[in-house]
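Enquirer:
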Amino acid sequence: MSRAESTPRQDAGTTEPGAAPAARPGDDGAARTTTGARPRTVRAPNLLWTLGLFRDELVTTFRRWRTIALLGVLAAVPVLIGVAVRIETRGGSTAGGGGEGPAFIAQITNNGLFLVFTGLAATLPFFLPMAIGVIAGDAIAGEANAGTLRYLLVAPAGRTRLLLTKYATTMTFCLVATLVVAVSAFAVGALLFPLGELTTISGTRIGFAEGLGRALLIALVVAASLTGVAALGLFVSTLTNSGIAAMATTVGLLITVQILDQIPQLHALQPYFFSHYWLSFADLMRDPVYWDDLVRDLGLQSLYVAVFGSAAWARFTTKDITA
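Going by our numbering, the letters in the sequence shown line up with residues 5 to 327, in that order.
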């Protein structure tokens with residue numbers, strides 16, 4: 005952090021009794037007051053510096069082998085689903101005819117674009133949140149464990165700015181991870197199955213261009229649905245100096261919440277679980293779109309971001325940095 009400097013005005017005569025001594029050149033004038041002194045304002049890092057910090061965080065995050073491996077696993081899930089459906093339907097049978105499997109799986113053979121919806125539905129309950137939990141849990145705790153957190157704070161970043169940069173990086177990973185699933189599913193679906201008009205859940209027909217637009221909108225909604233997990237993981241990351249412990253705790257909380265969301269006796273609490281409305285993105289394939297659960301999902305994620313983001317800020321800004 006840059007220091008505040010004071011440039012005292014040299015007045016003629018002696019110093020009055022009781023007056024504070026003038027600051028000497030090189031003294032830190034932030035803790036002293038001089039007669040007639042006009043301290044200079046500390047200049048905060050400008051926007052370009054902040055964007056540079058954000059860029060460095062993105063490069064560091066996406067160059068790690070762990071991140072590349074997570075994205076590779078996410079991209080492989082739609083490939084496996086598409087190949088399995090192709091093998092199953094080779095003899096003319098219908099995929100998911102028994103009502104099993106992710107949503108939309110029975111429609112994949114009619115239109116490969118449905119593999120996008122199926123891939124997102126298959127990865128959202130576990131794979132996508134787990135990947136987000138790993139990145140968010142390692143955001144602060146990983147730096148502390150590696151001994152680089154103090155060095156980051158020596159630069160004029162500030163704790164709040166660094167925390168926001170870490171969260172923005174995690175949010176970017178949310179979007180990238182979701183798009184990786186969607187793009188992989190679209191490529192495999194176009195390769196193995198026909199493309200064309202889609203039949204919505206409501207039974208109406210929409211054009212391929214509109215269906216592609218809805219697929220992109222669904223991917224954005226899925227990414228937004230993961231913001232609550234990202235905020236929770238960031239808060240956990242401020243509680244410990246062990247990256248592995250933070251990642252394990254975040255993933256453990258994720259699994260616990262989803263188990264609790266399946267227990268009928270907890271139906272009164274389930275609407276407040278961050279995972280409760282995750283699959284509401286399917287309502288975007290209705291005609292007209294059913295917005296109620298989508299709005300509830302986005303509102304609930306905003307609440308989690310506000311609560312756990314504030315908790316992470318309160319913890320991190322008062323935490324003793326020893327590593």
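All C-beta atoms, glycine included, are put in the ideal place defined by N, C-alpha and C.
What are the start and end residues of the alpha helix (DSSP H) that includes ASN335?
Expert: For residue 335 there is no data in the structure shown, the boundaries of the chain being 5 and 327.
Enquirer: Taking only three categories from DSSP, how would you classify THR113?
Expert: coil
Enquirer: Secondary structure at GLY102, three-state DSSP: helix, strand or coil?
Expert: Unreliable placement is indicated for GLY102, whose pLDDT of 45 sits below 50; the coordinate value is still reported in the next sentence. When secondary structure is reduced to three states using DSSP, GLY102 falls in the coil class, being assigned neither helix nor strand.
Enquirer: Taking 6 Å as the limit between beta carbons, can you name the residues of its chain near PHE108, skipping five residues before and five after?
Expert: PHE118, PHE121, THR122
Enquirer: Thinking C-alpha only, which one of LYS323, LEU224, LEU167 is nearest LEU179?
Expert: LEU224
Enquirer: For a test of the three-state rule: what should DSSP assign to LEU75, helix, strand or coil?
Expert: DSSP places LEU75 in the helix class (H, G or I) of the three-state scheme.
Enquirer: Nearest-angstrom Cα distance between THR242 and PRO129?
Expert: 25 Å
Enquirer: Once you ignore the five residues that flank GLY146 on each side, which residues in its own chain have a CB closer than 7 Å to its CB?
Expert: GLY247
Enquirer: State the start and end residues of the unbroken alpha helix (DSSP H) segment that holds VAL187.
Expert: First-last of the alpha helix (DSSP H) with VAL187: 163-196.
Enquirer: Within the same chain, show all residues whose beta-carbon is closer than 7 Å to that of THR54, passing over the 5 residues directly before and after it, in chain order.
Expert: ARG165
Enquirer: Among the candidates LEU195, PRO82, ILE139, whose CA atom is the shortest distance from the CA of ARG67?
Expert: Nearest C-alpha to ARG67 among LEU195, PRO82, ILE139: ILE139.
Enquirer: Report the three-state DSSP secondary structure of LEU243 (helix, strand or coil).
Expert: coil
Enquirer: How do the region 269-289 and the region 184-201 stand: do at least 3 beta-carbon pairs fall below 8 Å, yes or no?
Expert: no
Enquirer: Determine, for GLY215, whether the minimum Cβ-Cβ distance to residues of chain B falls below 8 Å.
Expert: The structure shown contains no chain B, having only a single protein chain.
Enquirer: Please classify ARG94 as buried or exposed, where buried requires at least 16 neighbouring CB atoms within 10 angstroms.
Expert: Here ARG94 is exposed: its Cβ has fewer than 16 other Cβ atoms, across all protein chains shown, within 10 Å.
Enquirer: Kindly indicate which residue of VAL185, LEU202, LEU156, GLY232 has the alpha-carbon position closest to the one of TYR171.
Expert: For TYR171, the nearest C-alpha among the options comes from GLY232.
Enquirer: Between the Cα of GLN305 and the Cα atoms of ALA228, VAL89, LEU157, which residue gives the shortest distance?
Expert: ALA228
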